[in-house]
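The next block holds one structure in the form of structure tokens; read it before the comments.
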Amino acid sequence: VQLQASGGGLVQAGGSLRLSCAASGIILKINAVYWYRQAIGKQRELVASVTSGGSTNYADSVEGRFTISRDNAKNTVYLQMSSLKPEDTGTYYCNADLTTPGRRGSYWGQGTLVTVSS
14 VQLQASGGGL
24 VQAGGSLRLS
34 CAASGIILKI
44 NAVYWYRQAI
54 GKQRELVASV
64 TSGGSTNYAD
74 SVEGRFTISR
84 DNAKNTVYLQ
94 MSSLKPEDTG
104 TYYCNADLTT
114 PGRRGSYWGQ
124 GTLVTVSS
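Terminal number for the sequence shown in the working numbering: 131, no gaps in between.
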């Protein structure tokens, strides 16, 4: 079972990006999924989350600008980021609570870099 994060890149302030977190392998259920980010020299912070039922939560710093969503048929969770600011720069990681045959556990993607220029 793997999580693959993608969609990062370089964007100007005010622009948009959509990150994807795709789960592959034998997965019985994707429970909650989280997007974190880590800027250089700072601690990793939780940006957004979505439960298996679709309930979402956001950090105050991204509320109203970011939207997390999930496509259960594709085993994929998205993070739509709009009105990006230079302070959104960092490596974004997805983390998912997955149920697989014989196990329920936490899995991490490899991270995707987002750079917002001013």
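All residues carry an ideal CB built from backbone N, CA and C; glycine is no exception.
| Query | Result |
| --- | --- |
| Determine the closest residue to G21 out of G27, Q15, C34, V14, with distance taken between C-alpha atoms. | C34 |
| Specify, as a first and last residue, the run of the beta strand (DSSP E) that R31 falls within. | 30 to 37 |
| Consult DSSP for K55 and reduce its assignment to one of helix, strand or coil. | coil |
| Please name the residue or residues paired with T64 in a DSSP beta bridge. | The partner list for T64 (beta bridge, DSSP) is empty, contrary to what the question assumes. |
| Run through DSSP, which three-state label would N44 get? | strand |
| Out of A109, G66, T125, which has the shortest C-alpha to C-alpha gap to Y47? | A109 |
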